[in-house]
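Asks:
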Amino acid sequence: MNDCRKIYLVFAPRFERIEEELEDGCFLTADAALGDTVLQVDDTAKLTGGRYFIGNPSAEERLLLVAVDSPTQITVQRGCENSTAASWPAGTRLKKVS
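Using my numbering, the first residue of the sequence shown is number 1, and each one after it goes up by one.
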């Protein structure tokens, strides 16, 4: 009995807005070259601002949303948080970094 330990399990809902933030994002409608800071997207209404990542299963880049220029165009800062800027094809998804 000397090696017994008490364990408490708490089953409660999350307090963070994780699920909502995962829905925050959009898709590129035009290719993004290496030095582009203005990106064409499908719907800027889905973006709430802050940090986003763009990429595929093999590579990823962090972006900072600077401005929403129109319903289909945004201005970003590329290569944030020591990520490497890359070229991305149309259809690549931007997702919110929680």
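Glycine residues also receive a C-beta, built at the ideal position from the N, C-alpha and C atoms.
Just so you know, these numbers come straight off a predicted model, no measurement behind them.
Tell me the start and end of each unbroken alpha helix (DSSP H) in the region 30 to 67 that is at least 4 residues and wholly inside, in chain order.
Replies: You should have found no qualifying run.
Asks: Could you check the C-alpha separation between Thr92 and Gly35 for me, to the nearest Å?
Replies: Going from the Cα of Thr92 to the Cα of Gly35 covers about 16 Å.
Asks: Apart from the five residues on each side of it in sequence, which residues of its chain come closer than 8 Å, Cβ to Cβ, to Ser70?
Replies: These residues qualify, in order along the chain: Thr44.
Asks: Let's test the definition: count the other Cβ atoms within 10 Å of the Cβ of Ile7 and tell me whether it reaches 16, buried, or not, exposed.
Replies: Ile7 should be labelled exposed.
Asks: Does the distance from the C-beta atom of Thr37 to that of Thr84 stay below 8 Å?
Replies: Contact flag unset, no.
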